[in-house]
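Numbered according to this note's numbering, the sequence shown spans residues 819 to 1056.
Glycine is no exception: its CB is placed at the ideal position from the N, C-alpha and C atoms.
Everything on this sheet refers to the single structure shown next.
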Amino acid sequence: MEKYNCLVVDDEPHAFNLIEGYVRDVPFLVLKGKCSNASEALQFISLEKIDLIYLNIQMPGFSGMDLATTLPAEIKIIFTTAFDNFALEPYRVNALGYLLKPFSFQEFLTASRKILKFDNQVKITSRTEKFKREYLLIKADYKTCQLELNDILYFKGKKDYIKIYYRKNVSRPLMPLMSLKSIEEKLAGSSFMRVHRSYIVNLNNIEVIELNQIIFDKTRITVSDKYRDQFQKFLESR
């Protein structure tokens, strides 16, 4: 599980200690520091990488909201306060959440889990946008075709050439004169995975898995022993 460095900023000792204890009980959080005022927190952030701040809104002098407006967008905020009239304040700085004191551990955990959902959504969006922009140029049948990666279902190797099965014309695959290995190298780091000596599949387009087989319409692709562990890790990550 990915872990997130967090900072507690609160001028109230009781709340300070309570949040510190809560943080230590959450496995995906790592407490990197505690600050009793916003100025101290600003200095701490300049020296340490922080992913999430539990920030009291109302503090003397430089308030929590003042601090929030100066933070870079990649640092996420969960506000803590004893006053419910601040309920709309998080929306001014796009904070992850708002905790009204006194709050329970369950309330704290629910708010904290939002960073997992946010981070996962950012990664999915980033992968999706990158995926949509990528194309593969293929020379086949005396012409050059530009295929969007998102349309490709799988590649099948046949000696000195391959068959490319894609959404727009599944019944008539393209057959360029190239090896499966060369395609695998071109697609390194993308959403394609080799699952068999003769097959590379688009992981984003898998809809059905039965026992140890990936099913595309009427085609069944067996995940061979050599690639089974890697494919299993992919399934577990989803």
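Item to complete: Ignoring anything shorter than 4 residues or poking outside the region 830-886, list the alpha helix (DSSP H) runs there in chain order.
Response: 831-842, 856-865, 882-886
Worksheet item: Roughly how many angstroms lie between the CA atoms of Thr1037 and Ser1016, to the nearest whole one?
Response: 13 Å
Worksheet entry | Residue range of the alpha helix (DSSP H) that includes Phe1034 | From DSSP, Phe1034 is part of no alpha helix (DSSP H) but of the beta strand (DSSP E) over 1031-1034.
Discussion item. Any heavy atom of the ligand MG closer than 7 Å to the beta-carbon of Met996?
Written reply: Absence of the ligand MG from the depicted structure is noted, as is the absence of any ligand whatsoever, leaving it without description.
Practice prompt. Please report the residue range of the beta strand (DSSP E) in which Lys929 lies.
Written response: In the sequence on display, residue 929 carries Ala and not Lys. Looking at the DSSP string, Ala929 is not in any beta strand (DSSP E); the run it does join, the alpha helix (DSSP H), is 923-930.
Item to complete: Kindly indicate which three-state DSSP category Leu998 falls into: helix, strand or coil?
Response: helix
Fill in: CB of Glu933 within 8 Å of CB of Leu917, strictly
Per the sequence shown, the amino acid found at residue 933 is Ile instead of Glu. Contact: no.
Fill in: Assigned exposure category for Ala859 - 16 Cβ within 10 Å defines buried
buried
Worksheet entry | At least 3 beta-carbon pairs within less than 8 Å: the region 823-834 vs the region 882-902 | yes
Fill in: Outcome for Phe936 when other beta-carbon atoms lying within 10 angstroms are tallied against a minimum of 16
exposed
Worksheet item: Of the residues Lys976, Ser857, Ile863, Glu1003, which one's Cα is nearest the Cα of Lys894?
Response: The candidate whose alpha carbon is nearest that of Lys894 is Ile863.
Worksheet item: Can you tell me the Cα-Cα spacing of Leu1029 and Leu847, whole angstroms?
Response: 36 Å
Fill in: Euclidean distance between Cα positions of Asn874 and Lys821
22 Å
Item to complete: Give a yes or no on whether the C-beta atoms belonging to Ile982 and Leu998 are separated by under 8 Å.
Response: Going by beta carbons, Ile982 and Leu998 fall outside the 8 Å limit.
Item to complete: Can you tell me the Cβ-Cβ gap for Asp869 and Cys824, rounded? I've got them flagged as a contact below 8 Å.
Response: Here Asp869 really is in contact with Cys824; their C-beta atoms are around 7 Å apart, less than 8 Å.
Item to complete: Could you tell me if Tyr960 is buried or exposed, where buried requires 16 or more neighbouring beta carbons within 10 angstroms of its beta carbon?
Response: exposed
Worksheet item: Can you tell me the Cα-Cα spacing of Asp843 and Asp829, whole angstroms?
Response: 22 Å
Worksheet item: Are Ile1039 and His1014 touching if we call contact CB-CB under 8 Å?
Response: yes
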